[in-house]
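Trainee: Going down the list, the protein sequences come from chains A and B. Take the first sequence: its position 116, counted from the start at 1, is 116 in this note's numbering, and no numbers get skipped. Start counting at 1 in the second sequence, then tack on 1000, and there's your number in this note's numbering.
2 protein chains.
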Amino acid sequence: MTSSGTNPDGAAGSAAWELLLPAATAPARARGRSLRDALREAVRSGRLVPGTRLPSSRDLAADLGVSRGLITEAYEQLTAEGYLRSGRGAGTWVGGAARAARTRARDLAPRSAGARADFVPGTPDLSLFPRAAWAAAHRSVLAGLPHHDLGYPDPRGLPRLRTALAGLLARRRGAVADPERLVIVSGVAQGAALLGSVLRSRGMRAVGVEDPGSPRHSALYAAAGVSTVPLPLDEDGVVLAALRRSGVRAVVTTPAHQFPTGIACSARRRAELLDWARSVDGYLFEDDYDGDFRYDRAPVGALQGLDPERVVYAGSISKSLAPGLRLGWLLVPDSLADEIVARKLTMDLGHPTLDQALFAHFVERGDYDRQLRRCQRAYRERRDALVTALAEHFPGARLSGIAAGLHLIAELPGRYGPEERFLARVAAAGVAVRALAAYRHAGPGGVAAHDGGEGSVAEGGGPGGGVRLVLGYAHLPPARIRAGVRLMAEAAGG
Amino acid sequence: MTSSGTNPDGAAGSAAWELLLPAATAPARARGRSLRDALREAVRSGRLVPGTRLPSSRDLAADLGVSRGLITEAYEQLTAEGYLRSGRGAGTWVGGAARAARTRARDLAPRSAGARADFVPGTPDLSLFPRAAWAAAHRSVLAGLPHHDLGYPDPRGLPRLRTALAGLLARRRGAVADPERLVIVSGVAQGAALLGSVLRSRGMRAVGVEDPGSPRHSALYAAAGVSTVPLPLDEDGVVLAALRRSGVRAVVTTPAHQFPTGIACSARRRAELLDWARSVDGYLFEDDYDGDFRYDRAPVGALQGLDPERVVYAGSISKSLAPGLRLGWLLVPDSLADEIVARKLTMDLGHPTLDQALFAHFVERGDYDRQLRRCQRAYRERRDALVTALAEHFPGARLSGIAAGLHLIAELPGRYGPEERFLARVAAAGVAVRALAAYRHAGPGGVAAHDGGEGSVAEGGGPGGGVRLVLGYAHLPPARIRAGVRLMAEAAGG
């Protein structure tokens, strides 16, 4: 057992132990801890190999000039943890249980933006986050929160927040929103994960997604074991014939302002989608990601309001406050509510309560309405700046999806194409921009728009070689929008 | 199309419309909104049935004494949303798209505690939550947080928090904890959900769990498609022979202070468990739910420290700060890290950043160490109060698992049995208490402790009819502990 042991009772031996252990200058308790940590680390790193016999506690105490109790305690502790072993009268030696960690070197630094102008959509202006009001709400909530609310949360969400949100969603989005129908989640992505998992447990192996659409959906549903079938769009929204042929019984949709095309789902298509859902006993997942922002008229009410038993509605504060807060909500049909809540429970036991209480306070006091108005004003100004700059620097460009949301679609005249060359040039000039084509779902499995094979609205630049861009503007002050468009025009030539 | 329509141009008709709509006393904009909401609600509730023709905008404006533009806007809005339909010259009528919500009546009130004394374990003392320090940390963090940190989070967790936690876990728990190995999660439950899902994707259909053990584990793993195999315990921890026979390649364990028996996994068993994991290319999931609290000697270091490539370590602030905050961490083997982070991303995109920054600040400033010391002092005092009260009121009771954690096991002498009668009596007296037997995993599938069928340490009261209780004490002030034990003794007779 001690064949490879070192006998440290000579001078060389004790010198080696002293090198191993920290200088005995700290107070006794801290020295005990240092000794223990140093020994543990020496075993772990392999500097002390299994079988190595340790000095007796008396010898090591004398060598290190510390009390024997300190050594005994450290030996006992590390023996209980499995690093050392000891036997009656056999002394103490290094056990064989510990294994070294594999090394792993990765960059911890956040990705740097780098671009001189960044039109990639998806993030709001984080500088609009109302820090003072948020801090005040935190203070006020923490002062008044019952102890009980610091315990394990209600998996459906804090009743106070569900009550406040129900009022907000009925008023602002025309939704059928009672507190019993609401589930607080970490955002639309978790909503999709929950729904995907529930649909899977009901035997649905696929859901329809809009094509082009959010690249995230496939990954979210795939993780729940549900594949995605891309569905083409026309001017009214998802193409019905393709939806019917697809065989799916659930479809993810962004009716207020389709991502990324900006199409507003027409009243006729809304009714048709609901008829379809009823006919297949299926569901629509309404991702209302930017439904709060509409610039030229009142917002179109949520699809969910037309049939709350066929629509799962999802919203969040990611675009109105900050994505980093991770807070959102679902309005769920009665037929799915219990299963969705059960999944939420097994996913994370429920949402952080203090965050929920804080947002409830924010909604109750009208702070959230104020924030939405503030964003609406800022984003409308930015949209106007982008529309004006595009008209100036890209004459002849056709814009769409401009009435709402945080991005628009610009179709540039043929002379700017082909698209690959345009994108390469502006990228070289330091402008980050995405083509509409980048949001096409990859791979097979898509359903043609029409039996005749006619192209849907989302087809690429076409024979003229036109360039179709998705331009996010909400995160950029007007001056940076103007500068970015100018930079892009200079780079593109055209 | 208008066969069931109402013609509202007579006096009776216009009176009906007036009743439907709110009194026109508000300012114009608010009146427009009220009109729209009232019409939408009337369609939704079925008071206006599909096909009902609406008055012309001119007529209704005159009837209600409002501007015609207000009516036109409301009609247009509700037509865009799908509630109404209109045709050239055909007027406006109620569409057929809307469906009423099913009613759903549920109790929103939180469950009331009710019990006069509550020894059910699982919750810390929520009144120990350091509100002032937490509020100060929030203020300070919010003032200094870069805008960038309000964006979508790093799915592994905020680098600043991972750095702070790595230091804490190495120092306090003897863990191999570098920031690259840490994943911030919502708690141990989410950790189990993530691990279950990754194991499932590697073809593992079952994990071992300690029996008796936490009743939550089965549900968490079941949701990930992984079944649980109950494994018996002896005085050293999970019985090795049973583990080997079970065929599982992963086991969930609470080595510091087994839940609920309080057994500390011995050094020998730690080494054996790791040998087993290496031999089957498997993993141990170390649920360190109360490893911070040990009263009579230094805490036993984490099992993870012995072999960070075979142990997934999970901890949280649920017992040290508050479960409602939903914040915890995993230390993951290199071989699982990328998959676990990918699952976290599809589960919720990552943990709320502001909460992470706040806790990082709390750790960095030493506030968390102070809080742990404060809890440690309070919980030790409560444990002592419980031990003393049990000795006084239940002479002859055998206590175990008292050296650590937030609960202990009390085995009462035979005269208090049988267990069912004891439990019925104390329940009738208003004392909430759980028998150890309540933590046995239900149903078949368990693995016998020994081939000979000898009972494990967790077998029930035995022929003597002894009563074995799991008594949580951390959430109760000493005076309530004493009163509760007295109440229990009076109720039990004995």
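The C-beta atom is built at its ideal place from N, Cα and C for all residues, glycine as well.
Would you kindly work out how many angstroms separate the C-alpha atoms of B:Leu1194 and B:Arg1343, rounded to a whole number?
Mentor: Numbered from 1 along the second sequence, position 194 holds the residue referred to as residue 1194 of chain B. Numbered from 1 along the second sequence, position 343 holds the residue referred to as residue 1343 of chain B. Whole-angstrom Cα-Cα distance: 6 Å.
Trainee: A:Glu392: buried (16+ other C-beta within 10 angstroms of its C-beta) or exposed?
Mentor: Start at 1 with the first residue of the first sequence, and residue 392 of chain A comes out as number 392. Under this definition A:Glu392 is an exposed residue.
Trainee: Which of the three DSSP states, helix, strand or coil, is assigned to B:Gly1225?
Mentor: Numbered from its first residue, the second sequence carries residue 1225 of chain B at position 225. The answer is coil: DSSP assigns B:Gly1225 none of H, G, I, E or B.
Trainee: Please work out which residues of its chain come closer than 6 Å, Cβ to Cβ, to A:Gly225, disregarding the five sequence neighbours upstream and downstream, and give them in chain order.
Mentor: The sequence position of residue 225 of chain A within the first sequence is 225, counting from 1. Excluding residues within five positions, the ones whose Cβ falls inside 6 Å are Arg200.
Trainee: Check for me: the beta strand (DSSP E) holding B:Asp1290 runs from which residue to which?
Mentor: Taking the first residue of the second sequence as position 1, residue 1290 of chain B is located at position 290. Where B:Asp1290 is concerned, there is no enclosing beta strand (DSSP E), given that its DSSP letter is neither H nor E.
Trainee: With 7 Å set as the bound, which would you pick, yes or no: does the beta-carbon of B:Asp965 sit closer than that to a beta-carbon of chain A?
Mentor: Past the edges of chain B, shown from 1001 to 1494, lies residue 965 of chain B, and the structure says nothing about it.
Trainee: Hey, how far is the Cα of B:Phe1362 from the Cα of B:Tyr1152?
Mentor: Walking along the second sequence from the start, residue 1362 of chain B turns up at place 362. Walking along the second sequence from the start, residue 1152 of chain B turns up at place 152. So the two alpha carbons sit approximately 22 Å from each other.
Trainee: Roughly how far, in whole angstroms, is the beta-carbon of B:Ala1429 from the beta-carbon of B:Leu1487, given that I think they are within contact range, below 8 Å?
Mentor: Residue 1429 of chain B sits at position 429 when you count from the first residue of the second sequence. Residue 1487 of chain B sits at position 487 when you count from the first residue of the second sequence. Indeed they touch by this definition, with Cβ atoms about 6 Å apart.
Trainee: Between the Cα of A:Glu286 and the Cα atoms of A:Leu273, A:Gly324, A:Val311, which residue gives the shortest distance?
Mentor: As a position in the first sequence, residue 286 of chain A is number 286, starting the count at 1. Among A:Leu273, A:Gly324, A:Val311, the Cα nearest to that of A:Glu286 belongs to A:Val311.
Trainee: So, is the C-beta of A:Gly282 closer than 7 Å to a C-beta in chain B?
Mentor: Within the first sequence, the letter at position 282 stands for residue 282 of chain A. It does not: the Cβ of A:Gly282 has no partner Cβ on chain B nearer than 7 Å.
Trainee: Could you list the residues in the segment 122 to 134 of chain A with a C-beta less than 7 Å from some C-beta on chain B, going in chain order?
Mentor: Cβ contacts with chain B: Thr123, Leu126, Ser127, Phe129, Arg131, Trp134.
Trainee: Assess, as a yes-or-no matter, whether the segment 272 to 291 of chain A is touched by the segment 300 to 319 of chain A under the definition of 3 or more beta carbon pairs within less than 8 Å.
Mentor: They touch, by the three-pair rule.
Trainee: Between the segment 1139 to 1148 of chain B and the segment 1264 to 1281 of chain B, do at least 3 Cβ pairs fall closer than 8 Å?
Mentor: At 8 Å Cβ cutoff, the stretches do not touch.
Trainee: Which complete beta strand (DSSP E) runs does the segment 331 to 411 of chain A hold, if anything under 3 residues is left out?
Mentor: If we require 3 residues or more, the beta strand (DSSP E) runs fully inside the segment 331 to 411 of chain A come out as 398 to 400.
Trainee: What residues from the segment 1315 to 1333 of chain B come within 7 Å of chain A, judged by C-beta to C-beta, listed N to C?
Mentor: For the segment 1315 to 1333 of chain B, which is checked against every Cβ of chain A, the residues closer than 7 Å are Ala1322, Pro1323, Gly1324, Leu1325, Arg1326.
Trainee: Select from the segment 1057 to 1089 of chain B all residues with a C-beta closer than 9 Å to any C-beta belonging to chain A, and list them in chain order.
Mentor: Correct list: Glu1073, Glu1076, Gln1077, Leu1078, Thr1079, Ala1080, Glu1081, Gly1082, Tyr1083, Leu1084, Arg1085.
Trainee: Report buried or exposed for B:Ser1045, applying the criterion of at least 16 other Cβ atoms within 10 angstroms of its Cβ.
Mentor: Position 45 of the second sequence holds residue 1045 of chain B. The residue in question, B:Ser1045, is exposed, as its Cβ has fewer than 16 Cβ neighbours within 10 Å.
Trainee: In this structure, does DSSP put A:Ala177 in helix, strand or coil?
Mentor: Locating residue 177 of chain A in the first sequence gives position 177, counting from the first residue. Correct three-state label for A:Ala177: coil.
Trainee: So, using beta-carbon positions, are A:Arg68 and A:Ser57 closer together than 7 Å?
Mentor: Along the first sequence, one-based indexing puts residue 68 of chain A at 68. Along the first sequence, one-based indexing puts residue 57 of chain A at 57. For A:Arg68 and A:Ser57, yes; Cβs fall inside 7 Å.
Trainee: A:Thr353 touches chain B at which residues, Cβ-Cβ below 7 Å?
Mentor: As a first step, residue 353 of chain A is located in the first sequence; it is residue number 353 there, counting from the start. Going along chain B in sequence order, the residues near A:Thr353 (Cβ under 7 Å) are Gly1324.
Trainee: Once you ignore the five residues that flank B:Phe1119 on each side, which residues in its own chain have a CB closer than 6 Å to its CB?
Mentor: As a position in the second sequence, residue 1119 of chain B is number 119, starting the count at 1. Closer than 6 Å at Cβ, skipping near neighbours: Val1433, Leu1471, Gly1472.
Trainee: Mind reading off the beta-carbon distance from B:Leu1231 to B:Gly1208? Whole number of angstroms is fine, and I expect it under 8 Å.
Mentor: As a working mapping, residue 1231 of chain B is identified with position 231 in the second sequence. As a working mapping, residue 1208 of chain B is identified with position 208 in the second sequence. The pair is a contact, with the Cβ atoms about 5 Å apart (cut-off 8 Å).
Trainee: From which residue to which residue does the alpha helix (DSSP H) around B:Tyr1295 run?
Mentor: Within the second sequence, the letter at position 295 stands for residue 1295 of chain B. Counting along the chain, B:Tyr1295 falls outside any alpha helix (DSSP H), and DSSP gives it neither H nor E.
Trainee: At the level of alpha carbons, what is the spacing between B:His1257 and B:Arg1468?
Mentor: Counting from one through the second sequence, the residue named residue 1257 of chain B turns up at place 257. Counting from one through the second sequence, the residue named residue 1468 of chain B turns up at place 468. Straight-line Cα distance between these residues: approximately 17 Å.
Trainee: Can you tell me whether A:Ser127 is buried or exposed? The criterion is at least 16 other CB atoms within 10 Å of its CB, across all chains shown.
Mentor: Counting from one through the first sequence, the residue named residue 127 of chain A turns up at place 127. It is exposed - the Cβ of A:Ser127 has fewer than 16 other Cβ atoms within 10 Å.
Trainee: To the nearest angstrom, how far is it from the Cα of A:Thr52 to the Cα of A:Ile71?
Mentor: As a working note, residue 52 of chain A is residue 52 in the first sequence. As a working note, residue 71 of chain A is residue 71 in the first sequence. Roughly 17 Å separates the two Cα atoms.
Trainee: Please determine, among B:Ala1474, B:Pro1418, B:Asp1369, B:Pro1478, the residue with the shortest C-alpha to C-alpha distance to B:Gly1493.
Mentor: For this step, residue 1493 of chain B is matched to residue 493 along the second sequence. Ranking B:Ala1474, B:Pro1418, B:Asp1369, B:Pro1478 by Cα distance to B:Gly1493 puts B:Pro1418 first.
Trainee: Residues of chain A with CB under 9 Å from B:Arg1099, in chain order?
Mentor: By one-based count along the second sequence, residue 1099 of chain B stands at place 99. Result: Leu274, Arg278, Leu306, Asp307, Pro308, Glu309, Arg310.
Trainee: Is there a Cβ from chain A that is less than 7 Å from the Cβ of B:Asp1488?
Mentor: In the second sequence, the residue the question calls residue 1488 of chain B occupies position 488. As written in the sequence, residue 1488 of chain B is Met, which differs from the Asp given in the question. Cβ-Cβ to chain A under 7 Å: no for B:Met1488.
Trainee: Please state the DSSP three-state secondary structure of B:Ser1057.
Mentor: In the second sequence, residue 1057 of chain B corresponds to position 57, counting from 1. B:Ser1057: helix per DSSP, three-state reduction.
Trainee: Is B:Ala1012 helix, strand or coil when you go by DSSP?
Mentor: Within the second sequence, residue 1012 of chain B is the residue found at index 12, counting from 1. Here B:Ala1012 scores only 34 on pLDDT, less than 50, and its place in the model should not be relied on; the value that follows carries that caveat. Helix at B:Ala1012.
Trainee: Between the segment 1158 to 1171 of chain B and the segment 334 to 341 of chain A, do at least 3 Cβ pairs fall closer than 8 Å?
Mentor: No, because fewer than three Cβ pairs between the segment 1158 to 1171 of chain B and the segment 334 to 341 of chain A fall closer than 8 Å, the two stretches do not touch.
Trainee: Using a Cβ-Cβ cutoff of 7 Å, what residues of the segment 1235 to 1268 of chain B are near chain A? List them in chain order.
Mentor: Within the segment 1235 to 1268 of chain B, the residues whose Cβ lies closer than 7 Å to some Cβ of chain A are Ala1267, listed in chain order.
Trainee: Near A:Pro50, which residues of its chain fall below 6 Å by C-beta distance, leaving aside the five closest residues on each side in sequence?
Mentor: The sequence position of residue 50 of chain A within the first sequence is 50, counting from 1. For A:Pro50, where only same-chain residues beyond five positions count, the Cβ hits under 6 Å are Val94, Gly96.
Trainee: Do we get a CB-CB distance below 7 Å when we pair B:Ser1186 with the residues of chain A?
Mentor: Here residue 1186 of chain B is taken as the residue at index 186 of the second sequence, counted from 1. Yes, contact with chain A.
Trainee: What residues from chain B crowd round A:Leu35, counting only those whose CB sits closer than 7 Å?
Mentor: Counting from 1 along the first sequence, the entry for residue 35 of chain A is found at position 35. None at all; the shortest Cβ gap to chain B is about 12 Å.
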